[in-house]
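Novice: Numbering (numbering that gives the first Met the number 0), first residue to last: 0 to 279. Backbone N, C-alpha and C fix where the C-beta goes; we use that ideal spot for every residue, glycine too. Below you'll find the structure I mean.
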Amino acid sequence: MSWFIRKEKGINTPTEMKREAPDGLWYQCPNCKKITPTREHKQNAFTCPHCNYHEKVGSDVYFNLLFDDNEFTELDANLTSGDPLHFVDTKAYPDRIKSTMKKTGLKDAVRTGYGKMNEVDIVIACMDFNFIGGSMGSVVGEKIARAITYALDHKIPFLMISKSGGARMMEAGFSLMQMAKTSARLAQLSEAKIPYISLLTDPTTGGVTASYAMLGDFNISEPEALIGFAGPRVIRETIGKDLPKGFQSAEFVLEHGFLDFIVDRKDLKDKLTSLLSMLR
Numbered sequence: 000m001s002w003f004i005r006k007e008k009g010i011n012t013p014t015e016m017k018r019e020a021p022d023g024l025w026y027q028c029p030n031c032k033k034i035t036p037t038r039e040h041k042q043n044a045f046t047c048p049h050c051n052y053h054e055k056v057g058s059d060v061y062f063n064l065l066f067d068d069n070e071f072t073e074l075d076a077n078l079t080s081g082d083p084l085h086f087v088d089t090k091a092y093p094d095r096i097k098s099t100m101k102k103t104g105l106k107d108a109v110r111t112g113y114g115k116m117n118e119v120d121i122v123i124a125c126m127d128f129n130f131i132g133g134s135m136g137s138v139v140g141e142k143i144a145r146a147i148t149y150a151l152d153h154k155i156p157f158l159m160i161s162k163s164g165g166a167r168m169m170e171a172g173f174s175l176m177q178m179a180k181t182s183a184r185l186a187q188l189s190e191a192k193i194p195y196i197s198l199l200t201d202p203t204t205g206g207v208t209a210s211y212a213m214l215g216d217f218n219i220s221e222p223e224a225l226i227g228f229a230g231p232r233v234i235r236e237t238i239g240k241d242l243p244k245g246f247q248s249a250e251f252v253l254e255h256g257f258l259d260f261i262v263d264r265k266d267l268k269d270k271l272t273s274l275l276s277m278l279r
C-alpha cells in the first residue's frame with residue numbers, strides 16, 4: 000500500500016506560486032560547457048575550475064586582483080576623446096563615444112592608477128576591450144604616456160595590461176601616433192632602469208602589439224591568449240598558405256621566443272611580486 004496517493008493527475012501549481020532560480024547564480028564555460036557557481040568562478044579569478052579557460056575581464060577585475068585591498072589612486076580618470084577628424088560612419092564619433100561611455104561606465108579604453116601590490120609600489124595601466132574593442136586612440140596613448148611619466152618621476156615599476164583590437168580607425172593618423180609616443184616614453188623608463196612588465200591578454204593585436212605591448216623588460220601572457228599583428232585570415236590570404244595549428248596563441252608565441260613566460264591569472268599577483276623582488 001502506498002503511503003501517499005495523488006488525488007489529481009498532473010501538477011496544478013499556479014504560475015504565481017512557482018519559484019525559479021534567480022539569474023546569475025551559475026556560469027557556463029564557453030570552452031568546456033561545464034557549469035560552475037558564479038561565486039566560485041569569481042573566487043577563481045574568473046577562470047574555469049574544470050578547464051582553466053580564462054574569461055575576458057576588464058580593468059576593474061585586474062585592479063581588484065592586483066592592488067592590495069583594491070586600494071589605488073586613479074590617474075587622469077576624466078580624460079575623454081575629442082573628434083579631431085569629424086569622423087562619421089553609422090553614427091558620428093562623439094555620439095559613439097557617448098553611447099559607449101553610457102553602456103560601459105568607462106571614459107575610454109584604458110584606466111591607469113598607482114598603489115601597492117603585496118606592499119610593493121606599482122603603476123598599472125589596464126585596457127578594457129568593452130570600450131570600442133579596446134582600440135588605441137589619442138586618450139589611450141596619452142593616459143599610458145602619463146602613467147609611464149608618473150612611474151618615471153616616482154621611480155616605481157610600471158605594469159601594462161593589454162587587451163585590444165588595435166588602432167582606433169575613427170582617429171586614423173592620430174591613433175597611429177600613439178605608437179611612437181608611448182614607445183618613446185618607455186625608452187625613457189628603460190634608460191632610468193625602472194622595470195616595465197607587459198602582460199598580454201586575449202586579444203592583443205594590431206598597433207598595440209606593434210608598440211608598447213611587446214616592449215616590456217618582461218613580456219608575459221595569460222594562457223591561450225590571442226596575440227598577433229594582423230588576423231589569421233589576412234595573413235593566410237596574403238601568403239597563400241595554411242597557418243600552423245594554434246597560430247597566434249600565447250603558447251605558440253612563447254615557443255617562438257616572443258614571450259618570456261605564461262602565467263595563470265590566479266597566480267598573477269604572486270608571480271609579479273616575485274619578479275619585481277628579483278629586480279630590486
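Taking just the CA atoms, how far does LEU198 sit from ARG145?
Specialist: 19 Å
Novice: Going by beta-carbon coordinates alone, are MET126 and ILE96 separated by less than 8 Å?
Specialist: no
Novice: Is it true that the CB of THR204 sits closer than 8 Å to the CB of PHE228?
Specialist: yes
Novice: Apart from the five residues on each side of it in sequence, which residues of its chain come closer than 8 Å, Cβ to Cβ, to PHE182?
Specialist: Looking at the sequence shown, residue 182 is not Phe but Ser. The residues are SER210, TYR211, LEU214.
Novice: Mapping the DSSP letters down to three states, classify LEU78 as helix, strand or coil.
Specialist: coil
Novice: Closest by CA to GLU221, which one among LEU65, GLN177, PHE257, LEU267?
Specialist: Considering only alpha carbons, the answer is LEU267.
Novice: Is it true that the CB of ASN117 sits closer than 8 Å to the CB of ASP67?
Specialist: Yes; because the gap between Cβ atoms is below 8 Å, this pair is in contact.
Novice: Which class does ASP201 belong to by DSSP, given the choice of helix, strand or coil?
Specialist: Looking at ASP201 - three-state DSSP - the assignment turns out to be strand.
Novice: Apart from the five residues just before and just after THR43, which ones in its own chain have a Cβ nearer than 7 Å to its Cβ?
Specialist: It should be noted that the sequence gives Asn, not Thr, for residue 43. The answer, listed in chain order, is LYS265.
Novice: Is LEU253 near the ligand SAM, going by C-beta to nearest heavy atom under 7 Å?
Specialist: The ligand content of the structure shown is nil, which means the ligand SAM is not present either.
Novice: Figure out for me which residue from LYS115, VAL139, SER273 has the closest Cα to the Cα of PHE173.
Specialist: VAL139
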